[in-house]
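Numbering (full-length UniProt numbering), first residue to last: 1 to 145.
This is the structure:
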């Protein structure tokens with residue numbers, strides 16, 4: 001089954017191909033805003049791994065290399081999504097194994113990620129994959145008042 005899937009980093013010039021996946025994750029962010037943000041993210045060392053079946057993109061996982069005092073050099077997996085038609089086919093673990101192997105190859109000691117509280121299916125996946133739930137992710141947005 002796995003031999004038909006290829007995983008590779010999406011070329012910078014093809015980064016907009018992930019927009020339909022990002023919109024599935026959060027449709028409150030417009031395509032226009034995503035087209036503004038993605039090139040800026042690339043400037044800050046963002047990469048996105050893609051899972052392909054032949055030439056069809058069927059899954060994504062954003063990757064950032066970070067350094068934090070409590071863990072050192074690590075990857076942050078970001079916006080992980082497998083197309084609904086391909087879920088349940090062990091593609092998620094295959095993608096994450098690839099991402100973790102990449103992290104190890106560049107000297108990272110761990111992979112971290114954030115997951116929305118209401119993402120029950122995703123949270124179950126992460127726990128089944130062997131990730132530990134350590135805390136909460138908070139944010140405060142700024143408004144122009």
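Even for Gly, the Cβ is constructed at its ideal location relative to N, Cα and C.
Check residue 1 in the structure and name its three-state DSSP category.
Only weak support is given to the placement of residue 1: the predicted model assigns it a pLDDT of 48, under 50, and the question is left unresolved by the model.
What are the start and end residues of the beta strand (DSSP E) that includes residue 80?
72-82
Proximal residues to residue 45 (C-beta, below 8 Å), its chain only, five neighbours per side dropped:
64 and 65
What would DSSP say about residue 47, mapped onto helix, strand or coil?
strand
So, does the region 68-77 touch the region 95-110, judging by three or more C-beta pairs under 8 Å?
yes
Using only alpha-carbon positions, find the residue among 94, 97 and 80 that is nearest to residue 121.
80
Does residue 124 come out as helix, strand or coil in the three-state DSSP assignment?
helix
According to the Cβ coordinates, are residue 42 and residue 50 closer than 8 Å?
no
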